[in-house]
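Chains as they are written, first to last, in the working numbering: chain P, 17 to 210; chain B, 17 to 210.
Idealized CB from N, CA, C, for every residue including glycine.
A quick write-up on the structure given underneath.
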DNA sequence: TTCTTTAGTGGACATAAGTCCAATTGTAGT
DNA sequence: ACTACAATTGGACTTATGTCCACTAAAGAA
């Protein structure tokens, strides 16, 4: 299983399957996929499904109708223990698990980050909480963000005053961070487990 | 349709469908259901599916293979705006919506309750947060519970000292409640949307 | 009893659906 | 030009699958 590259068309097939499962509750047949994506021959669709399967994006049960399912639910979010300084990419080693939220609850988040420390208690964010993070390079004044300070990922409130950006804690014990940092994402939600 | 009673066998069919969707990613065929539940004739299974559909427990798309899906996901939690004093039963009028969580994230919760007021800010529970509540009559010292005080449902920390039970707020502005109250559930998690 | 409802059987049937195969096309590399 | 490969076609084939129909059996109700 070579985790090959996948073409645009194959990605659209994947999307269509996801859409069917979401809307109708079951996957499409090979011919339904073909009809939707203007592929006239079932063999051609089957070919793409084989590619998707060998790329690890699709699970298939051979020879039975609609015998396919997405390898990863589009609503499944990885739980990260920390944000790597390498930004963008998520290191698989840091993934503690997964949580599936429906589209509404997901709020466009890309991952969950486990909060370390008590610097945001004033905003109701406690140690151990999972914050839902949407990846983005920048954010507006007052928004709670995940930022990279050196190698470390932190959850703070972003302040923009007179062109100056700072990261404020919601805990009087901590000083604002004015040093260089990079916004990695915006906090769009929070999950806590008692 | 009459939302009829459903037999034990029909409930087991429903469970089997749920299990298939969970494990394999797609619903079973009529004959697969029959094989599992020792029903030798496909027509008989089809009969039960019709009953389940008219009971509103199953959605069906006629004449296509595996064309069925559960009407309500077993992992779907209703969002309540308030807990009714009538306890036990959930009034449909109070349901603001639904959120689907996977079994792990669900934590045995029965419903979500929207938090009113700031009496629990000290515990990181803010106004507007959704707390995951598992229904139960009692709880241990120190646990955060949903309790009925008169007609009103409140989220507080339960204190048991020397046989005396009280409801404490996590906000110095509020006094503990010692008057009569009834525990309705235990808070097992929290969701917040920014 | 008789009638009705619910539950189930078994077979026939049309078609929906996955698979196999030979052949074609276009693109990129040698 | 030749080769290799990815993408696609169309048809044939087999089986899986949902549905229809006639019939049976048990349990209640009238």
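Residue range of the alpha helix (DSSP H) that residue 38 of chain P falls in? 24-40
Quick one: Cα of residue 102 of chain P to Cα of residue 169 of chain P, how far? With a pLDDT of 48 at residue 102 of chain P, under the threshold of 50, the predicted position of this residue should be treated as unreliable, though the coordinate-derived value follows. The straight-line gap from Cα to Cα measures roughly 10 Å.
Which residues DSSP lists as bridging residue 114 of chain B, in chain order: B:94
Applying a beta-carbon distance threshold of less than 7 Å, which residues of chain B neighbour residue 82 of chain P? 42, 81 and 82
Considering only residues of the same chain and omitting the five flanking positions on each side of residue 184 of chain P, which have a CB-CB separation below 7 Å? 172, 173, 175 and 192
Comparing alpha-carbon positions, which option in P:208, P:161 and P:166 lies nearest residue 202 of chain P? P:161
Considering only the beta carbon of each residue, do residue 56 of chain B and residue 116 of chain P sit closer than 9 Å? no
Of the listed residues P:146, P:50, P:152 and P:41, nearest to residue 25 of chain P (C-alpha basis): P:50
Which residues mark the beginning and the end of the alpha helix (DSSP H) in which residue 63 of chain B is found? 58-70
Are the beta-carbon atoms belonging to residue 217 of chain P and residue 79 of chain P less than 9 Å from one another? What is shown of chain P runs 17 to 210, which leaves residue 217 of chain P out entirely.
Rounded C-beta distance between residue 90 of chain B and residue 34 of chain B? I'm assuming under 8 Å. 6 Å
Candidates B:94, B:43 and B:96, of which the one nearest residue 75 of chain B by Cα: B:43
So is residue 37 of chain B in contact with chain P if we call contact Cβ pairs under 9 Å? yes
Are the C-beta atoms of residue 77 of chain P and some chain B residue less than 9 Å apart? yes
Apply the 10 Å Cβ neighbour rule to residue 180 of chain B and answer buried if 16 or more other Cβ atoms are within range, or exposed otherwise. exposed
With a threshold of 8 Å on Cβ separation, who are the neighbours of residue 143 of chain P within its own chain once the five nearest residues in sequence on each side are excluded? 131, 132, 133 and 134
Taking any Cβ of chain P, which residues in the region 166-200 of chain B have a Cβ under 9 Å from it, in chain order? none
Check this for me: beta carbons of residue 165 of chain P and residue 195 of chain P, under 9 Å apart or not? yes
Boundaries of the alpha helix (DSSP H) in which residue 50 of chain B is found, first to last residue: 46-52
Of the choices P:110, P:29, P:182 and P:120, whose alpha-carbon is the least far from that of residue 205 of chain P? P:120
Grab the span of the alpha helix (DSSP H) containing residue 121 of chain P for me, first residue to last. 119-122
Could you check whether residue 208 of chain B and residue 145 of chain B sit closer than 9 Å to each other, using their CB atoms as the reference points? yes
Could you tell me the alpha carbon to alpha carbon distance between residue 104 of chain P and residue 23 of chain B, rounded to whole angstroms? Legend: pLDDT at residue 104 of chain P = 49, less than 50; position of this residue unreliable, value from coordinates given subsequently. About 53 Å.
If you measure beta-carbon to beta-carbon, which residues of the region 55-69 of chain B are closer than 7 Å to chain P? none
Quick check: what's the CA-CA separation for residue 152 of chain P versus residue 188 of chain P? 28 Å
Just confirm the distance between the C-beta atoms of residue 45 of chain B and residue 82 of chain B, as a whole number of angstroms; I'd bet it's less than 8 Å. 6 Å
Coil, strand or helix - residue 163 of chain P by DSSP: strand
Can you give me the start and stop residues for the beta strand (DSSP E) that residue 84 of chain B sits inside? 84-86
Any beta carbon from chain P within less than 9 Å of residue 49 of chain B's own beta carbon? no
Mind listing the chain B neighbours of residue 140 of chain P? Cutoff is C-beta to C-beta under 8 Å, in chain order. 137, 140, 141, 142, 145 and 208
Just to confirm, are residue 113 of chain B and residue 141 of chain P a CB contact at a threshold of 9 Å? no
Contact check, residue 155 of chain P vs residue 111 of chain P under 8 Å by CB: the rounded distance? Incorrect: roughly 24 Å between the Cβ atoms, too far for contact.
By Cβ distance below 7 Å, which residues in the same chain neighbour residue 197 of chain B in space, the five residues on each side in sequence not counted? 163, 164, 165 and 183
In terms of alpha-carbon separation, which member of P:32, P:65 and P:63 lies closest to residue 52 of chain P? P:32
For residue 171 of chain P, name the three-state secondary structure that DSSP assigns. strand
Less than 9 Å between the beta carbons of residue 211 of chain B and residue 93 of chain P, yes or no? As shown, chain B starts at 17 and ends at 210. That puts residue 211 of chain B outside it, with no answer to give.
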